[in-house]
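**Student:** Before I ask anything, here is the structure I am working with.
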Amino acid sequence: MSVAITLDFVLRQGDFTLELRERVDARVVALFGPSGSGKTSVLEAIAGLRTPDRGVIRIGPRILYSSEDRVHVPPHERNVGYVPQDLALFPHMNVRRNILYGVGSSQDDGQATTLDQILSLLELHPLLNRQVGDLSGGERQRVAMARALSTSPLLLVLDEPLTGLDQGLRARVLPYLERIRDELSTPMVYVSHDASEVRALADWVVELDGGRAIRSGPELG
Amino acid sequence: MTGVVLEIAWRTVSMAVLATLVMLPPGIALAWVLARRRFPGRALLETLVSLPLVMPPVATGLMLIWLFGRRGPVGGLLARLGTDVLFTWRAIVIAMAVMGLPLLVRAARAGFEQVDRRYEEIAATLGASPIRVFLTISLPLAKRGVLAGALLGFSRALGEFGATIMVAGALPSTRTIAVAIYSYTETGQDAAAAIMLAVSASIAFGALFLSNRIAAS
């Protein structure tokens, strides 16, 4: 299921200015570009961890930020699932408690089935009682994705989910992302600097350089 | 003699425990605010909290006398409610808590500063309110600093002398170990003073040993 995403905002941080004017309708939007091009800042603005200077951020019908209407939904009320590049699995909780952390916070009756579906999809049942420190790189990725999906988010944002994994692991984790896209129908905004990943997953690509979109379209240029 | 020693030791330890419980809520709140928030007056607050650490304890005691005396702003209010503070066990607890607070705040603040903000941010994106983030992420991850701080504050409370003798005196009913050592020595009861010294050293050793173990774990 595609969703209308509006990322039309200006965000300044020191000398760097991020300026986007995107309105896209897609299932998976890839933000593609070299490091330092502002990709992570876009994700953090969507998740509410950074506040733009002005503009609008809208996912489907929900306005998350609008300087004109003085709307700034705080991160804990946005329901945007965020998988940061460093994953940030809670070190004092085991896998189960990490994944269930967000479940208590929202009131969705259909959650129990969804959660079980997520665990099956990401093949996490055997890992539930493990300590976070004992997981391999690919396992940590899947736990972070399950945790972000557990609240049935409006949108899943992922920061270079395959970076840091070796070729073999990439090939194993990529299908999980395709399953999230196809079976859970959770829309995604996905940051990558790897063209092959982008081709495999995205149906819309925004290419960033120096804080601006230099290309935006259904195919990687 | 043994009876008196035990009574004084028990009073000192129980008052220090109580003082630690009293300083924990404001201490943790102050530590978190100083570690995580930027606001006008922050430097002033930081200095105020540390003041008892550098001021002569007797001077802190005098300030407490003004505050908690029957004509003081807080003491007057309590007197009207029928509660006296000065020269009672309450004065001991207050003096110990005020003197221990800076040490608790310092250690706990370092604990909060070491918590990666990332975890707090991600918890928020998972729908956790700021208070839930604090209780389930920040506080458990800063646990070691908070515990070490509580033990430091407790140790400080155990040894408190200057402020305590100002607000609680050296009455038989308010004497702590430190105050007892002072008055025994003053009155030439050297054997009694030596026993109190041994008791004091063993309790302080235990508390510091535990504190270092926690900090190193």
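Chains A and B, in that order, are what the protein sequence lines are. Residue 13 is where the first sequence starts when you use our numbering, and the numbers rise one by one after that. Residue 9 is where the second sequence starts when you use our numbering, and the numbers rise one by one after that. In this text, a Cβ means the ideal position worked out from N, Cα and C, and glycines have one as well. Note that the coordinates shown come from a computational prediction; the quantities given were computed from them, not determined experimentally.
1) I'd like to know whether the C-beta of Ser137(B) is nearer than 8 Å to at least one C-beta of chain A.
2) Go ahead and pull the three-state DSSP assignment for Leu168(A).
3) Hey, is Asp146(A)'s beta-carbon within less than 8 Å of any beta-carbon in chain B?
4) Could you pull out every residue in the same chain whose Cβ sits closer than 6 Å to the Cβ of Ala165(B), ignoring the five residues on either side in sequence?
5) Should Pro73(A) go down as buried or exposed, given a rule of 16 or more other Cβ atoms within 10 Å for buried?
6) State the start and end residues of the unbroken beta strand (DSSP E) segment that holds Ile192(A).
7) If you measure from the beta carbon of Leu61(A) to each beta carbon in chain B, is any gap under 8 Å?
8) For the stretch 77-105 of chain A, list every residue whose C-beta sits within 8 Å of some C-beta in chain B, in sequence order.
9) Could you check the C-alpha separation between Asn106(A) and Arg79(B) for me, to the nearest Å?
10) Tell me the start and end of each unbroken alpha helix (DSSP H) in the stretch 49-127 of chain B that is at least 4 residues and wholly inside, in chain order.
11) Anything in chain A within Cβ reach of Pro148(B), meaning under 8 Å, just list it in chain order.
12) Provide the residue span of the beta strand (DSSP E) that contains Tyr113(A), from first to last.
13) Three-state secondary structure (DSSP) at Val27(B)?
14) Bridge partners of Met200(A), per DSSP?
15) Taking CB distances under 8 Å as the criterion, tell me whether Tyr113(A) reaches chain B.
16) Taking C-beta to C-beta, are Gly153(B) and Gly177(B) nearer than 8 Å?
17) Pull up the CB-CB distance for Val201(A) and Leu166(A), whole angstroms please, since I reckon it's below 8 Å.
18) Measure the beta-carbon distance from Arg44(A) to Ser204(A) and round it to whole angstroms, keeping in mind my assumption that it falls under 8 Å.
19) Is it the case that the Cβ atoms of Ala223(B) and Ala150(B) are separated by a distance below 8 Å?
20) For Trp40(B), which of Thr68(B), Val141(B), Leu179(B) has the nearest alpha-carbon?
21) Going by Cα to Cα distance, which pick from Val106(B), Leu94(B), Ala43(B), Arg46(B) is closest to Met63(B)?
22) For Ser79(A), does the three-state DSSP call read helix, strand or coil?
23) Val169(A): which of Ile71(A), Phe28(A), Thr63(A), Gly48(A) sits nearest, CA to CA?
24) Tell me, which residues are paired with Ile173(B) by DSSP?
25) Between which two residues does the beta strand (DSSP E) carrying Val155(A) extend?
26) In chain order, what residues of the same chain have a beta carbon less than 8 Å from the beta carbon of Leu53(B), not counting five sequence neighbours either side?
27) Determine, using beta carbons only, whether Glu121(B) comes closer than 8 Å to chain A.
28) Taking Arg193(A) as the query, report the chain B residues whose CB atoms sit under 8 Å from its CB, ordered along the chain.
29) Once the 5 residues before and after Val207(B) are set aside, which same chain residues still bring their CB inside 7 Å of it?
30) Quick check: is the beta carbon of Arg159(A) nearer than 8 Å to any beta carbon in chain B?
31) Roughly how many angstroms separate the alpha carbons of Ala215(B) and Gly11(B), rounded to a whole number?
32) Of the residues that make up the stretch 151-176 of chain A, which ones have a beta carbon closer than 8 Å to any beta carbon in chain B?
**Tutor:** Let's see:
1) True, the Cβ-Cβ gap to chain A drops below 8 Å.
2) strand
3) no
4) Ala24, Ala27, Met104, Gly108
5) exposed
6) Looking at the DSSP string, Ile192(A) is not in any beta strand (DSSP E), and its letter there is neither H nor E.
7) In terms of beta-carbon proximity, Leu61(A) lines the interface with chain B, with at least one pair separated by less than 8 Å.
8) Pro86, Pro87, His88, Glu89, Arg90, Asn91, Val92, Gly93, Tyr94, Pro96, Asp98, Ala100, Phe102, Pro103, His104
9) 56 Å
10) 50-62, 65-76, 81-88, 97-121
11) His104
12) Looking at the DSSP string, Tyr113(A) is not in any beta strand (DSSP E), and its letter there is neither H nor E.
13) Val is not the amino acid found at residue 27(B); the sequence shown has Ala there. Reduced to three states, the DSSP call for Ala27(B) is helix.
14) Val40(A), Leu168(A)
15) yes
16) no
17) About 11 Å separates the two Cβ atoms, so there is no contact after all.
18) The sequence as given places Phe at residue 44(A); Arg does not occur at that position. Yes, they are in contact, since the Cβ atoms of Phe44(A) and Ser204(A) sit about 6 Å apart, within 8 Å.
19) Going by C-beta atoms, Ala223(B) is not nearer than 8 Å to Ala150(B).
20) Val141(B)
21) Val106(B)
22) coil
23) Ile71(A)
24) In the DSSP output, where bridge partners are listed per residue, Ile173(B) has none listed.
25) Val155(A) -> not in any beta strand (DSSP E); alpha helix (DSSP H) instead, spanning 149-161.
26) Hits under 8 Å: Leu38, Val41, Leu42.
27) no
28) Result: empty, since nearest Cβ-Cβ is about 20 Å, beyond 8 Å.
29) Val13, Ala17, Ile185
30) yes
31) Each residue's Cα considered, the two are about 23 Å apart.
32) Arg159, Ala160, Ser162, Thr163
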